[in-house]
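Student: Under the numbering used here, think of the first position of the sequence shown as 2, with each following residue one higher.
Pasting a structure here, questions to come.
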Amino acid sequence: MTAAVLAVLCAAALFVICPSLCKTWYLPKRKGFVALMYHHAAEQNPSSLDPFTVTPAMLEKHLIFLKENGYTPISLKELEKGAPVQKPVMLTFDDGYEDNYKNLFPLLKKYNVPAVIFLVTDKIGTPEYMTWEQIREMKNSGLVQFGSHTCSHCRLRSLPDEEIVRELVRSKQILEEQLGEPVTAFCYPFGSGGFDKRVRPQVFKAGYLFDFSTNKGVNPWPWNPAKTLRRAFPRGGETLFDYHLQLTRGQSKL
Ligand SMILES: [Zn+2]
2 MTAAVLAVLC AAALFVICPS LCKTWYLPKR KGFVALMYHH AAEQNPSSLD
52 PFTVTPAMLE KHLIFLKENG YTPISLKELE KGAPVQKPVM LTFDDGYEDN
102 YKNLFPLLKK YNVPAVIFLV TDKIGTPEYM TWEQIREMKN SGLVQFGSHT
152 CSHCRLRSLP DEEIVRELVR SKQILEEQLG EPVTAFCYPF GSGGFDKRVR
202 PQVFKAGYLF DFSTNKGVNP WPWNPAKTLR RAFPRGGETL FDYHLQLTRG
252 QSKL
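Below, the structure is given as structure tokens:
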């Protein structure tokens, strides 16, 4: 066995013995704008943790962590302006689940924190998803802004051009008719696998200003429109130390 092979085996063994080595604490801190991606805000079974579900208790700890550590939760308007703010972050929630209304909204009001929710227009008012009434109540609070996540939660890059345009334009129209204000943000279903060089220009042609992806990482501040917006993913079961890593490295694990 060569020294190189032995070194690789030792390194692999270390990662198994010491899981904290898989975390990003030893990477350099990155300054910029962090968009946090969430989905469900709900209780979950500790024995089968769903990575896309964060409990209300943990969400509350996240909001307190942001306040205590000098982060500034921003809205889409502040993102558009790009004016200097201290440690800008944005809370984003994908899909428009009803638990966002029941469990997230009270916390946003309690801590006066803005958030952006990306809606799938065909799902609105169906079981487990928010209704228009709930959406309007959140919008009228001034704390929640809504973006499009397509009409049908489709993988855009697998569709013909005319279907891509329909998903982008129709969902925007529906949201604007119902909300009575411009919808400027779009979020790709299926994240980084959901768009390519053919899809992305269509997002801006449809009139959106921002496109959020699941490319991991920290964004420059002010935001650079030439690049899709990266996000960090706080997961169910993660600790506040993991949250700190999400905010400072753009990801908690390698
Ligand atoms: Zn989604």
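For glycine and all other residues, C-beta sits at the position ideal for the given N, C-alpha and C.
Excluding five sequence neighbours on each side, which residues of the same chain lie with their C-beta closer than 6 angstroms to the C-beta of glycine 33?
Tutor: Looking up residue 33 in the sequence shown gives position 32. So the list reads Val219, Asn220, Pro221 and Trp222, once near-sequence residues are dropped.
Student: So, are the CB atoms of aspartate 212 and tyrosine 189 less than 8 angstroms apart?
Tutor: Locating residue 212 in the sequence shown gives position 211, counting from the first residue. Locating residue 189 in the sequence shown gives position 188, counting from the first residue. Against a cut-off of 8 angstroms, the Cβ pair of tyrosine 189 and aspartate 212 comes out as a contact.
Student: Return yes when at least one heavy atom of ligand 1 lies under 7 angstroms from the C-beta of proline 190, else no.
Tutor: Here the question's residue 190 lines up with position 189 in the sequence shown. Yes; taking the cut-off as 7 angstroms, the Cβ of proline 190 has a heavy atom of ligand 1 nearer than that.
Student: Can you find at least 3 beta carbon pairs, one from the region 38-50 and one from the region 198-212, that sit closer than 8 angstroms?
Tutor: Short answer: they don't touch.
Student: Since glutamine 247 is in the beta strand (DSSP E), which residue starts that stretch and which ends it?
Tutor: Start at 1 with the first residue of the sequence shown, and residue 247 comes out as number 246. First-last for glutamine 247: 241-250, but that is the alpha helix (DSSP H), not the beta strand (DSSP E).
Student: Please determine, among Pro57, Gly194 and Leu176, the residue with the shortest C-alpha to C-alpha distance to leucine 157.
Tutor: The residue labelled residue 157 in the question sits at position 156 within the sequence shown. Checked all of Pro57, Gly194 and Leu176; the closest Cα to leucine 157 is Gly194.
Student: Can you round the beta-carbon distance between arginine 31 and arginine 250 to whole angstroms, since I take them to be within the 8 angstroms contact cut?
Tutor: Taking the sequence shown and counting its residues from 1, one reaches residue 31 at position 30. Taking the sequence shown and counting its residues from 1, one reaches residue 250 at position 249. Right, their Cβ atoms sit about 6 angstroms apart.
Student: Whole-angstrom Cβ separation of threonine 185 and leucine 210, contact assumed at under 8 angstroms?
Tutor: For the purposes of this step, residue 185 is taken as the residue at position 184 of the sequence shown. For the purposes of this step, residue 210 is taken as the residue at position 209 of the sequence shown. Rounded, the Cβ-Cβ distance is 4 angstroms, consistent with contact.
Student: Among Val114, Asp100 and Glu138, whose alpha-carbon lies nearest the alpha-carbon of serine 76?
Tutor: Position 75 of the sequence shown, counting from 1, holds the residue named residue 76. Ranking the options by Cα distance to serine 76, first place goes to Val114.
Student: Can we count histidine 245 as close to ligand 1, meaning its CB is less than 7 angstroms from some heavy atom?
Tutor: Here residue 245 is taken as the residue at index 244 of the sequence shown, counted from 1. It does not: the Cβ of histidine 245 is nowhere closer than 7 angstroms to a heavy atom of ligand 1.
Student: Classify arginine 231 as buried or exposed, calling it buried when 16 or more other Cβ atoms lie within 10 Å of its own Cβ.
Tutor: Translated into positions along the sequence shown, residue 231 becomes position 230. Arginine 231 comes out buried.
Student: Please identify the residue among Pro29, Val6, Pro85 and Thr25 whose C-alpha is closest to the C-alpha of tryptophan 224.
Tutor: In the sequence shown, counting from the first residue as 1, residue 224 sits at position 223. Closest option to tryptophan 224, Cα to Cα, is Pro85.
Student: Less than 7 angstroms separating the Cβ of aspartate 95 from some heavy atom of ligand 1?
Tutor: If you number the sequence shown from 1, residue 95 lands on position 94. Flag set: Cβ of aspartate 95 near ligand 1.
Student: Rounded to whole angstroms, what's the CA-CA distance from lysine 110 to isoleucine 136? Just pull it up for me.
Tutor: Stepping through the sequence shown from its first residue, residue 110 is reached at position 109. Stepping through the sequence shown from its first residue, residue 136 is reached at position 135. Their Cα atoms are separated by approximately 15 angstroms.
Student: Of the choices Thr25, Leu10 and Val6, whose alpha-carbon is the least far from that of alanine 233?
Tutor: As a first step, residue 233 must be located in the sequence shown, where it is residue number 232. The shortest C-alpha separation from alanine 233 is found at Thr25.
Student: Would you verify that the beta carbon of arginine 171 is, or is not, closer than 8 angstroms to some beta carbon of chain C?
Tutor: No chain C is present in this structure, which holds just one protein chain.
Student: Is any heavy atom in ligand 1 found nearer than 7 angstroms to the beta carbon of histidine 154?
Tutor: Start at 1 with the first residue of the sequence shown, and residue 154 comes out as number 153. Yes, the beta carbon of histidine 154 sits closer than 7 angstroms to at least one heavy atom of ligand 1.
Student: Residue ranges of each alpha helix (DSSP H) run of no fewer than 4 residues wholly in the region 157-240, ordered along the chain?
Tutor: Runs found: 162-180 and 201-206.
Student: Output the distance between the C-alpha atoms of threonine 151 and valine 35, rounded to the nearest integer angstrom.
Tutor: Here residue 151 is taken as the residue at index 150 of the sequence shown, counted from 1. Here residue 35 is taken as the residue at index 34 of the sequence shown, counted from 1. Rounded to the nearest angstrom, the two C-alpha atoms are 23 angstroms apart.
Student: Just the C-alpha distance for tyrosine 112 and aspartate 100, rounded to the nearest angstrom, thanks.
Tutor: Mapped onto the sequence shown, residue 112 falls at position 111. Mapped onto the sequence shown, residue 100 falls at position 99. If you take the alpha carbons of tyrosine 112 and aspartate 100, they lie about 18 angstroms apart.
Student: For threonine 73 versus leucine 37, is the C-beta distance shorter than 8 angstroms?
Tutor: Taking the first residue of the sequence shown as position 1, residue 73 is located at position 72. Taking the first residue of the sequence shown as position 1, residue 37 is located at position 36. Their beta carbons are not under 8 angstroms apart, which means threonine 73 does not touch leucine 37 by this criterion.
Student: In its own chain, which residues sit with a C-beta less than 6 angstroms from the C-beta of threonine 56, not counting the 5 before and 5 after it?
Tutor: Here residue 56 refers to the residue found at position 55 of the sequence shown. The answer, listed in chain order, is Glu44.
Student: In whole angstroms, give me the CA-to-CA distance for glycine 126 and valine 90.
Tutor: Start at 1 with the first residue of the sequence shown, and residue 126 comes out as number 125. Start at 1 with the first residue of the sequence shown, and residue 90 comes out as number 89. If you take the alpha carbons of glycine 126 and valine 90, they lie about 29 angstroms apart.
Student: Would you kindly check if the distance between the Cβ of glycine 143 and the Cβ of valine 117 is under 8 angstroms?
Tutor: Working through the sequence shown from its first residue, we reach residue 117 at position 116. Working through the sequence shown from its first residue, we reach residue 143 at position 142. Their beta carbons are not under 8 angstroms apart, which means valine 117 does not touch glycine 143 by this criterion.
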